[in-house]
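Report on the following structure.
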Amino acid sequence: MAPLRGVEHLVLDDLAAYAQDRGWVVPVGCAVADSGPLDQSPAMRAGWQRVRAAAAGRLVHGVVVPSFAHVAYRAADSDGERAWLLEQGLFVAATDPAELQAGLEPAELRA
C-alpha cells in the first residue's frame, strides 16, 4: 500500500531489495502496489485483491509488506488478513524492523 499515487515504485523497489537479499524470487506479475486511503478496507482495494488471488492460486509462498499497517489500517483487519494468508500456508513478513515477529517468516530465515 502506497499512500500516494506515483510513489508505488519506491515501495516496490524497497520490497524487491528485501526479497532479493534473502534469495527470494518474486514471480512476474506478483509484485503488487496499491494506492489509496490507508483506512480503506482491504476488501475494497484492487491491489490487495490481487495479493489474495495470488495466495489462493498458490502463485506465491509468502507476502512481504513494509508494515502490517499497509495490509490494513485497523489492527483487526490486518490481523484477519494475516491469519488468512497463514491459513493458505504462506509466510508473512514486514520489512519494518519494529514489526518483525517470530513465526511469520519461514523458520530457516529466523535468526
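Residues 342 to 452, numbered by our numbering, are exactly what the sequence shown covers, in order.
The C-beta atom is built at its ideal place from N, Cα and C for all residues, glycine as well.
Predicted model, so just to flag it, every value in this text is computed and none were measured.
Whole angstroms are fine: how far does the CA of residue j sit from the CA of residue i?
i: Val369; j: Arg399; result: 14 Å
i: Asp354; j: Ala374; result: 11 Å
i: Asp420; j: Ala387; result: 19 Å
i: Tyr414; j: Pro407; result: 13 Å
i: Val348; j: Pro378; result: 14 Å
i: Thr436; j: His350; result: 16 Å
If you drop the 5 nearest sequence neighbours on each side, which residues of the same chain put their C-beta closer than 6 Å to that of residue i?
i: Val367; result: Ala360
Helix, strand or coil: how does DSSP classify residue i here?
i: Val404; result: strand
Suppose the cutoff is 7 Å on Cβ atoms and the five residues either side in sequence are ignored; what does the same chain contact list for residue i look like?
i: Val433; result: Gly403, Val404, Arg423, Leu426, Leu427, Leu445
i: Val412; result: Pro383, Val406, Ser419, Glu422, Arg423
Q) Between the segment 390-400 and the segment 352-365, do three or more beta carbon pairs fall short of 8 Å? A) no
Q: Identify every run of the alpha helix (DSSP H) within the segment 412-439, keeping only runs that are complete inside it and at least 4 residues long; order them along the chain.
A: 416-428
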